[in-house]
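Numbering (this note's numbering), first residue to last: 2 to 150. Heads up, the beta-carbon is just placed ideally off N, CA and C, and yes, glycines get one too. Please read the structure below before turning to the comments.
Dropping the structure here:
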């Protein structure tokens with residue numbers, strides 16, 4: 002098996018993990034969207050944690066693999082995201098940068114009044130995360146669907 006085939010196989014495995022994370026994120030998002038305002042720490046925590054998990058798999062594993070498979074050189078997160086936008090593997094680099102900022106807040110700054118802002122930002126950016134994931138899935142299926150066989 003070539004390195005490319007191994008990487009494609011790994012991407013497909015990570016996509017399955019991402020699909021599971023997305024299902025849980027969508028459940029939390031629908032519940033919180035129905036409520037509309039920050040109301041319950043447990044519910045808000047579930048949404049934030051699931052958002053961070055899905056965004057980690059997406060940005061760190063999937064997008065990194067997309068760029069490596071494209072044979073483009075990159076040096077860090079900003080380069081990686083900009084290359085993905087250029088490849089049409091994501092909808093918007095700005096959205097992905099926003100997703101990353103929220104993920105960092107969830108993982109590092111989750112305290113006090115910031116909780117409500119993080120909750121509202123997570124509600125706002127969850128559809129953007131899901132749309133970019135869908136775009137990347139389409140890109141991978143279009144470019145690598147039968148290449149690991």
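If you pair each beta-carbon of the stretch 76-83 with each one of the stretch 26-37, do three or more pairs fall below 8 Å?
-> no
When DSSP labels each residue in this structure, what does residue 71 get in the three-state scheme?
-> The residue labelled residue 71 in the question sits at position 70 within the chain shown. In the structure shown, residue 71 sits in a helix (DSSP, three-state: H, G or I).
Cβ atoms of residue 90 and residue 67: under 8 Å apart, would you say?
-> By 1-based counting over the chain shown, the position of residue 67 is 66. By 1-based counting over the chain shown, the position of residue 90 is 89. Yes, Cβ-Cβ distance for residue 67 and residue 90 is below 8 Å.
So the alpha helix (DSSP H) residue 14 belongs to, where does it begin and stop?
-> For this step, residue 14 is matched to residue 13 along the chain shown. It spans 4-36 - the alpha helix (DSSP H) in which residue 14 sits, taken as one unbroken run.
Compute the distance between the beta-carbons of residue 56 and residue 101, then report whether it is under 8 Å.
-> Mapped onto the chain shown, residue 56 falls at position 55. Mapped onto the chain shown, residue 101 falls at position 100. A contact, by the Cβ cut-off of 8 Å.
Among 14, 24, 133 and 123, nearest to residue 88 - alpha-carbon criterion = Within the chain shown, residue 88 is the residue found at index 87, counting from 1. Ranking 14, 24, 133 and 123 by Cα distance to residue 88 puts 133 first.
DSSP-derived helix/strand/coil call for residue 66 = The residue you call residue 66 lines up with position 65 of the chain shown. Residue 66: helix per DSSP, three-state reduction.
Should residue 19 and residue 63 be called a contact, given that it needs their Cβ atoms to be closer than 8 Å?
-> Within the chain shown, residue 19 is the residue found at index 18, counting from 1. Within the chain shown, residue 63 is the residue found at index 62, counting from 1. Yes, the Cβ-Cβ distance between residue 19 and residue 63 is below 8 Å.
Rounded to the nearest angstrom, how far is the Cβ of residue 8 from that of residue 69, given a contact under 8 Å?
-> The count along the chain shown starts at 1 and reaches residue 8 at position 7. The count along the chain shown starts at 1 and reaches residue 69 at position 68. Yes, residue 8 and residue 69 are in contact; Cβ-Cβ is about 6 Å, under 8 Å.
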